[in-house]
Amino acid sequence: MAPPRSFLWTRRVFLTLLAGFVLLPVYVMISSSLKPLADVTGKFRWMPSELTFQPYVDIWSTVPLARYFVNSLIVASAAAVCSVVIAVFSAYAVSRYDFRGKRVFTVTVLSTQMFPGILFLLPLFLIYVNIGNATGIALFGSRGGLILTYLTFSLPFSIWMLIGYFDSVPRDLDEAALVDGCGPLGALFRVVVPAAIPGIVAVTVYAFMTAWGEVLFASVMTNDTTRTLAVGLQGYSTLYDVYWNQIMAASLVVSVPVVAGFLLLQRYLVAGLTAGAVK
Amino acid sequence: MTSTVELPVRKGESGDKAARGPRRRVPGRIRRVGLPYLLLLPALILELLVHLVPMVIGIVMSFKELTQFYIRDWGAAPWAGLDNFRMSVDFDAPVGEALLHSFLVTVGFTLASVGLCWLIGTAAAICMQDTFRGRGLLRALFLVPYALPVYAAVITWVFMFQHDNGLVNHVLHDQLGLTDKPSFWLIGDNSFIALLVVSVWKGWPFAFLIVMAGLQNIPRELYEAAALDGAGMWQQIRRITLPSLGAVNQVLILVLFLWTFNDFNTPYVLFGKSAPEAADLISVHIYQASFVTWNFGTGSAMSVLLLLFLLLVTGVYLAVTSRGRRASRA
Numbered sequence: 001m002a003p004p005r006s007f008l009w010t011r012r013v014f015l016t017l018l019a020g021f022v023l024l025p026v027y028v029m030i031s032s033s034l035k036p037l038a039d040v041t042g043k044f045r046w047m048p049s050e051l052t053f054q055p056y057v058d059i060w061s062t063v064p065l066a067r068y069f070v071n072s073l074i075v076a077s078a079a080a081v082c083s084v085v086i087a088v089f090s091a092y093a094v095s096r097y098d099f100r101g102k103r104v105f106t107v108t109v110l111s112t113q114m115f116p117g118i119l120f121l122l123p124l125f126l127i128y129v130n131i132g133n134a135t136g137i138a139l140f141g142s143r144g145g146l147i148l149t150y151l152t153f154s155l156p157f158s159i160w161m162l163i164g165y166f167d168s169v170p171r172d173l174d175e176a177a178l179v180d181g182c183g184p185l186g187a188l189f190r191v192v193v194p195a196a197i198p199g200i201v202a203v204t205v206y207a208f209m210t211a212w213g214e215v216l217f218a219s220v221m222t223n224d225t226t227r228t229l230a231v232g233l234q235g236y237s238t239l240y241d242v243y244w245n246q247i248m249a250a251s252l253v254v255s256v257p258v259v260a261g262f263l264l265l266q267r268y269l270v271a272g273l274t275a276g277a278v279k
Numbered sequence: 001m002t003s004t005v006e007l008p009v010r011k012g013e014s015g016d017k018a019a020r021g022p023r024r025r026v027p028g029r030i031r032r033v034g035l036p037y038l039l040l041l042p043a044l045i046l047e048l049l050v051h052l053v054p055m056v057i058g059i060v061m062s063f064k065e066l067t068q069f070y071i072r073d074w075g076a077a078p079w080a081g082l083d084n085f086r087m088s089v090d091f092d093a094p095v096g097e098a099l100l101h102s103f104l105v106t107v108g109f110t111l112a113s114v115g116l117c118w119l120i121g122t123a124a125a126i127c128m129q130d131t132f133r134g135r136g137l138l139r140a141l142f143l144v145p146y147a148l149p150v151y152a153a154v155i156t157w158v159f160m161f162q163h164d165n166g167l168v169n170h171v172l173h174d175q176l177g178l179t180d181k182p183s184f185w186l187i188g189d190n191s192f193i194a195l196l197v198v199s200v201w202k203g204w205p206f207a208f209l210i211v212m213a214g215l216q217n218i219p220r221e222l223y224e225a226a227a228l229d230g231a232g233m234w235q236q237i238r239r240i241t242l243p244s245l246g247a248v249n250q251v252l253i254l255v256l257f258l259w260t261f262n263d264f265n266t267p268y269v270l271f272g273k274s275a276p277e278a279a280d281l282i283s284v285h286i287y288q289a290s291f292v293t294w295n296f297g298t299g300s301a302m303s304v305l306l307l308l309f310l311l312l313v314t315g316v317y318l319a320v321t322s323r324g325r326r327a328s329r330a
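Quick note, the sequences are listed as chains A and B, same order.
Mind the numbering: the first sequence is residues 1 to 279 in the working numbering, read in order.
Mind the numbering: the second sequence is residues 1 to 330 in the working numbering, read in order.
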């Protein structure tokens with residue numbers, strides 16, 4: 001049952017071209033990050049004229065990259081952890097109980113995922129500005145305010161993906177725990193959560209990644225001190241120069257943590273992502 | 001450990017009931033009714049805070065004359081009635097004309113991008129169905145565009161599309177000689193192509209992932225039976241693989257459509273606050289209408305119109321595809 005030659009050749013050519021297409025920007029990112037400034041402002045060259053690690057040194061002083069890094073880290077982790085903790089309870093309810101309004105709840109959660117972010121951005125912006133004026137609580141421009149806006153997308157998909165993971169934990173397990181005298185919360189935390197740990201970790205990583213890559217809310221809801229990486233990278237272009245080698249170096253530095261996390265956990269992430277669509 | 005012995009006794013009634021009916025999931029009648037809602041409470045409060053209230057306010061905003069003078073006290077903004085909506089859909093006046101143009105660009109872009117993502121993703125998934133040397137590595141590699149933060153990936157494309165020092169012009173003009181002179185990619189009509197390339201580069205791995213998962217559910221026996229009947233590889237793909245993906249494709253295409261249609265990150269990083277006309281996607285357009293010209297009322301009216309359109313498309317799509325109805329009920 002070997003595939004015919006024509007298929008093997010088509011496959012080889014197609015996959016090679018596709019790999020080239022995928023890798024091209026990655027190659028440009030890596031190679032340009034090792035070039036001196038003259039190489040990236042002049043004609044494009046495939047190879048650096050001289051190999052330098054200077055861009056990796058300079059990125060930290062040209063813009064306050066470390067601060068942006070910390071901001072992104074705090075905002076993305078907080079958004080991920082908050083949404084997953086809250087999602088655990090609601091996903092357990094949806095996965096294990098029948099109740100009135102269950103369908104309304106799941107459909108609402110699913111549909112808010114399809115709404116454009118711009119729909120929430122304008123009102124949230126206005127709410128924050130007005131709360132700030134009325135009470136002096138600075139939500140606008142603060143990390144806390146940004147975290148709250150990130151829940152608009154991270155909460156629905158955390159709930160949605162966790163329902164899938166909890167459904168895959170056999171009901172007999174937590175029913176046995178209930179029979180043995182556990183309360184419903186006991187069954188959740190002693191049986192369901194431990195059994196779904198890979199899924200919960202995957203959802204957290206996924207929520208973190210999404211928040212790490214978010215641009216829309218970050219570009220409006222941050223100020224000089226709370227700026228995240230998404231907005232901070234713009235700082236490498238000045239009126240006179242665009243430090244492309246530094247931009248590429250910084251892009252690589254901000255990408256490595258999430259790409260590594262994704263590739264390490266891809267098996268679990270993919271399971272959760274595809275569960276909803278394929279089942 | 002000792003607590004497990006004492007617990008049913010201390011719990012009294014509910015413990016007894018659980019002991020009498022071992023299949024009963026939740027002990028106690030009151031808890032069974034109230035518990036799911038209690039579990040949902042934190043999520044409900046947050047949903048209210050981040051989705052429901054903003055949406056209601058967004059709708060109210062769309063009926064107000066909310067310019068920069070009223071942002072500090074939006075309650076004082078005068079009512080505009082349907083003026084914002086009228087302005088948005090008055091296609092003979094500049095605002096409406098620009099919105100219509102942006103809408104049409106977005107529809108064209110979305111159809112092209114979703115089509116290409118689906119095509120490439122499906123082809124790659126079919127190619128990777130059988131095991132071969134390097135398959136695992138290639139699979140991980142294909143996921144990289146999906147894993148990279150949008151701004152880091154797209155900014156690299158911005159560099160590649162540069163007029164003077166970009167890779168694209170270097171290859172097309174200097175090395176292959178395909179163009180007479182270096183082209184501008186991020187302004188003018190070419191910007192649509194640039195946007196499409198980046199969007200497909202970023203989006204196809206998702207289609208690939210979903211289709212790969214779908215392929216795993218096709219029974220091997222189908223292929224074996226087809227092979228016995230003399231069907232070749234290409235026939236098997238056409239007669240078994242593609243039809244079996246029907247249900248998966250329906251969900252996949254809807255999700256891809258909504259994501260691409262709503263995408264803000266890619267055009268914003270590629271072009272900045274105001275996109276070139278040929279690539280003026282609707283979310284950046286609304287952003288610009290709101291935050292650059294500071295007219296929140298019109299921006300909100302546009303958002304509401306956009307939402308109505310998306311609900312309409314999704315509703316029709318779900319009604320047409322039976323699978324969609326089942327998925328939303330699940």
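Glycine included, each C-beta is placed from N, C-alpha and C at the ideal position.
Beta carbon proximity, residue i to chain A, threshold 9 angstroms
i, result
"residue 111 of chain B", "no"
"residue 131 of chain B", "no"
"residue 264 of chain B", "yes"
"residue 101 of chain B", "no"
"residue 47 of chain B", "yes"
"residue 194 of chain B", "no"
"residue 274 of chain B", "no"
"residue 242 of chain B", "no"
"residue 86 of chain B", "no"
"residue 159 of chain B", "yes"
"residue 218 of chain B", "no"
"residue 296 of chain B", "yes"
"residue 105 of chain B", "no"
Alpha helix (DSSP H) segment containing residue i, residue limits
i, result
"residue 314 of chain B", "296-320"
"residue 278 of chain B", "Residue 278 of chain B -> no alpha helix (DSSP H), and no H or E assigned at all."
"residue 171 of chain B", "Counting along the chain, residue 171 of chain B falls outside any alpha helix (DSSP H), and DSSP gives it neither H nor E."
"residue 336 of chain B", "Absent from the structure is residue 336 of chain B, since the part of chain B shown begins at 1 and ends at 330."
"residue 101 of chain B", "94-127"
"residue 161 of chain A", "143-167"
"residue 198 of chain A", "197-212"
"residue 90 of chain A", "65-96"
"residue 203 of chain B", "190-215"
9 angstroms Cβ cutoff met for residue i and residue j
i, j, result
"residue 105 of chain B", "residue 184 of chain B", "no"
"residue 63 of chain B", "residue 79 of chain B", "yes"
"residue 162 of chain A", "residue 191 of chain A", "no"
"residue 130 of chain B", "residue 3 of chain A", "yes"
"residue 147 of chain A", "residue 79 of chain A", "yes"
"residue 205 of chain B", "residue 144 of chain B", "yes"
"residue 119 of chain A", "residue 149 of chain A", "no"
"residue 244 of chain A", "residue 159 of chain B", "yes"
"residue 124 of chain B", "residue 262 of chain A", "no"
"residue 152 of chain B", "residue 205 of chain A", "no"
"residue 200 of chain A", "residue 84 of chain A", "yes"
"residue 284 of chain B", "residue 300 of chain B", "no"
Nonlocal neighbours in the same chain, by C-beta distance under 7 angstroms from residue i, ignoring five residues either side
i, result
"residue 232 of chain A", "63, 65, 68"
"residue 72 of chain A", "212, 228, 229"
"residue 21 of chain B", "Confidence in residue 21 of chain B is poor, its pLDDT being 44 and thus under 50, which makes the residue's placement unreliable; the coordinate value appears in the next sentence. Closer than 7 angstroms at the Cβ level, and outside the excluded window around residue 21 of chain B, lies no residue."
Close-in-space but distant-in-sequence residues of the same chain around residue i (CB under 6 angstroms, 5 per side omitted)
i, result
"residue 242 of chain A", "none"
"residue 169 of chain A", "192, 195, 196"
"residue 77 of chain B", "64, 65, 66, 70"
Whole-Å CB distance - residue i paired with residue j, under 8 angstroms assumed
i, j, result
"residue 109 of chain A", "residue 156 of chain A", "5 angstroms"
"residue 226 of chain A", "residue 143 of chain A", "5 angstroms"
"residue 35 of chain A", "residue 25 of chain A", "Between residue 25 of chain A and residue 35 of chain A the Cβ distance is about 15 angstroms, and since that is not below 8 angstroms, they are no contact."
"residue 114 of chain B", "residue 257 of chain B", "5 angstroms"
"residue 179 of chain B", "residue 172 of chain B", "5 angstroms"
"residue 33 of chain A", "residue 221 of chain A", "With a Cβ gap of about 29 angstroms, residue 33 of chain A and residue 221 of chain A do not count as contacting."
CB contact check: residue i to chain B, cutoff 9 angstroms
i, result
"residue 161 of chain A", "no"
"residue 223 of chain A", "no"
"residue 25 of chain A", "yes"
"residue 50 of chain A", "no"
"residue 266 of chain A", "yes"
"residue 42 of chain A", "yes"
"residue 116 of chain A", "yes"
Contacting residues, own chain, Cβ-Cβ under 8 angstroms from residue i (five flanking each side not counted)
i, result
"residue 226 of chain B", "235, 236, 239, 240"
"residue 81 of chain B", "63"
"residue 146 of chain B", "202, 205, 206, 209"
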